[in-house]
Amino acid sequence: MISNKIKTIYSKGLLVMGLLAMVTSCDEALDLQPETTWAAEEFYANENDINAALAGIHSSISSGNSFGNQIMLMYPGTDESYKLKDWNERNPVSINAHNSNSEGVIHAWQNLYAGINNANNLIKYINPDNFENEADFNKFLAEGRFLRGFMYYHLTCWYNEIPLRLEPIKDQSSNNMAPSPVEDVYEQIIDDLTFAAENLPSSFDAGYNIGHANSGAAHAMLAKVYLKAAGYPLRATEINGKNPYQGAKEHCRVIMEDLGHDLNSGYKEVFVNFIQNKYDLKESIFEIVYRNAVDLGINIGGRNGFVNGLFYNIRTSKVGEPGTSPEVSPSPVHDYIYEDGDTRKAWNIPGYGGVKNQWNPNGRVNAQAHSLAWGWTPGKFRRWDAAYPDDLDKTNEQLQPIITLETPQPVHQAITGINIPLIRFSDVLLMFAEAENELNGPTAAAQSAIDKVRNRAGLDNLATAKPDAIAGKTAFFDEIVDERLRELCFEGHRKHDLIRWGLLEEKLNVLYNSITQHPEYTPSLYLRYRAYSNFDPSKHLSLPYPQQEVLLNNLLDQKPEWE
């Protein structure tokens, strides 16, 4: 998440991340000499140094062991999608086969806490005397606090109670810290994000640097925290002095009315922009920006569109060819959850794949006969497409040319420059509709918010198309649950939505039924519903603490259900 303005210092930012990160699992981090602390105190002397430090913090979010790959592959295992590959060893979180030594469990913890430690260094040592005015100082401090709040939000979504570290780790004694109650974590996140919302620029302000935090992102994250507090595990009726649904509604309303954000006119165009590194300030509120790093030849592990992209069987090592190795498949729920005329379905679930080899040098489009076919993969972040997708007969293989969508042309088949959306305006509209419904039922305001999302997809208002969906609070909530799947699938929202709603077990049953009742189902496809088969509601609503962290932190005991 870096802008062109600080592109030349990105490598320095990565170095700063390495110098300042003190991950508790690394013995070296526990043996730092006093001069390291001195360097941290002296480092934040000017804007370039601070931007380099911020780039280092952002790298903890964008790296391949974080959202760039590892966390992305922890999201399947819901009614949205399932793990496609057969082996259990890789990405076991997606099939509920993980333990305290699994790579995803370890890497999510390590990378997010490394970023938090870097943020704590910036927050502690940034000096107001180095700035001409308080506003500039607060802007940089606000971005550090935004990033800390963002990472704590995702840590608590995955692990629930966690150590709440607000000071840099200096030695083993400061590493020992007990986990804090989730309410304390939420309140600290709210405090950080509130400061960020008040002091960060809008993404439309003059001088805003693309990829940096902005006030809209802070308000959106506040809405997410309040909705999380209202659901599992806290189920709070009040947090930070207010009803959590009221808090979520207020922060969504700021974005909807005051900050200039809106929907792009076309759903497909939203994702083509991510694929082609076109930053859409209107709809995209916060995203991970990869292209600058790719252009610099820096491999930070972004695999959006490679591990979750449209299947492309390529047998060439030619530079510029957008390879894929899909590890995610859409569930058959997508067969029936869209209404007729919903333009999102064809983009999200294309129903075809491609091949390029010596016999098909220009490419061949492979039709996928049904939604349990091996090559049935998501299309939202496709690196390539059929040259004439509207002319496809998806029941037959066709010798149709394949074109590369990713621009600039990919320089690596497995590493992509496709940006990852973290917050979109449609997410804000649906959060507002959810909060308003919980407070007041399906009011005109709640309906208007969801109707904007529907209308963009080519659908009529709910009152016309699905009047039963606005008959009461429960019916409208059920519609929001489905609408968030249709609109936000494969963007990393579904699993945590279902957990906070208390619906994960129910929707895993939906996944199981959608597969086993499919006309093309055979018993050999049992691996497709491993997330259902392995699910234990007493364990799988949060991750275990990484075992190596339990050994290093004398005050961190493993959760009883994971011992």
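Taking full-length UniProt numbering, I'd label the letters of the sequence shown as residues 1 to 563. Just so it is clear, CB atoms sit at the ideal spot from N, CA and C, and this is done for glycine as well.
Item                                                                                                               : Value
Cα-Cα separation between Phe-131 and Asn-138, rounded to whole angstroms                                           : 10 Å
Best match in Ser-448, Glu-479, Lys-278 and Gly-351 for proximity to Tyr-407 [C-alpha to C-alpha]                  : In the sequence under discussion, the amino acid at residue 407 is Thr, which differs from the Tyr named in the question. Per the Cα distances, Lys-278.
Straight-line gap, Trp-347 to Asn-304 (C-alpha atoms, nearest Å)                                                   : 16 Å
Residue of Pro-544, Leu-164 and Leu-508 minimising C-alpha distance to Ser-81                                      : Leu-508
Spatial distance of Leu-485 from Arg-494 (CA atoms)                                                                : 7 Å
Lys-466, DSSP secondary structure in three states                                                                  : coil
Check whether Leu-259 and Ser-215 have beta carbons under 8 Å apart                                                : yes
Touching by the beta-carbon criterion (3+ pairs, under 8 Å), the stretch 216–223 and the stretch 47–63             : no
Phe-286 - partner residues in DSSP beta bridges                                                                    : Ile-423
Same chain only: Cβ atoms within 7 Å of Arg-379, ignoring 5 sequence neighbours per side                           : Correcting the residue type first, residue 379 is Gly in the shown sequence and not Arg. These residues qualify, in order along the chain: Leu-310, Trp-347, Asn-348, Ile-349 and Pro-350.
Alpha-carbon to alpha-carbon, Asn-362 and Pro-181                                                                  : 57 Å
Thr-522, DSSP secondary structure in three states                                                                  : coil
Selection from Thr-324, Tyr-336 and Ile-499 that minimises the alpha carbon distance to Gly-302                    : Thr-324
Option nearest Gly-241 by Cα separation, candidates Tyr-186, Gly-472, Asn-48 and Ile-50                            : Tyr-186
From Glu-183, Glu-283 and Asp-262, residue whose alpha carbon lies closest to that of Leu-422                      : Glu-283
Rounded straight-line distance, which links the Cα of His-251 to that of Asp-262                                   : 15 Å
For Ala-378, the three-state DSSP class (helix, strand or coil)                                                    : It is worth fixing the name first, because residue 378 is Pro in this sequence and not Ala. In the structure shown, Pro-378 sits in coil (DSSP, three-state: anything other than H, G, I, E or B).
Contact the stretch 510–519 vs the stretch 439–459: 3+ CB pairs below 8 Å                                          : no
Three-state class that DSSP yields for Thr-404 in the structure shown                                              : strand
Cβ distance (whole Å) where Pro-326 is taken to contact Thr-377 below 8 Å                                          : 4 Å
Ser-173 burial status per 10 Å Cβ neighbour count (16 or more: buried)                                             : exposed
Secondary structure of Asn-313, DSSP reduced to three states                                                       : strand
Supposed contact pair Met-74 and Ile-116 - C-beta distance, whole angstroms, cut 8 Å                               : Not really, about 19 Å apart at Cβ, beyond 8 Å.
DSSP-derived helix/strand/coil call for Ala-142                                                                    : helix
Any 3 or more C-beta pairs closer than 8 Å across the stretch 381–389 and the stretch 227–234                      : no
CA nearest to the CA of Glu-122, picked from Ile-50, Ile-162, Leu-155 and Asn-175                                  : Residue identity check: residue 122 is Leu in the sequence provided, not Glu. Closest option to Leu-122, Cα to Cα, is Ile-50.
Spatial neighbours of Arg-344 in its chain, beta-carbon cut-off 8 Å, leaving aside the 5 residues before and after : Tyr-267, Tyr-338, Ala-457, Arg-486 and Glu-487
When Ala-414, Phe-477, Leu-405 and Asp-393 are compared against Phe-432, the one with the closest alpha-carbon     : Phe-477
Residues bridged to Ile-239 (per DSSP)                                                                             : Lys-242
Candidates Gln-558, Ala-114 and Thr-237: closest to Lys-170 by CA position                                         : Ala-114
Ser-329 (DSSP reduced to helix, strand or coil)                                                                    : strand
Cβ-based neighbour list, Asp-335, same chain, cut-off 7 Å, excluding 5 preceding and 5 following                   : Ser-371
Leu-551 burial status per 10 Å Cβ neighbour count (16 or more: buried)                                             : exposed
Boundaries of the beta strand (DSSP E) in which Trp-359 is found, first to last residue                            : No beta strand (DSSP E) holds Trp-359; DSSP gives it neither H nor E.
Secondary structure of Glu-549, DSSP reduced to three states                                                       : helix
Beta bridge counterpart(s) of Lys-83 as assigned by DSSP                                                           : Val-328
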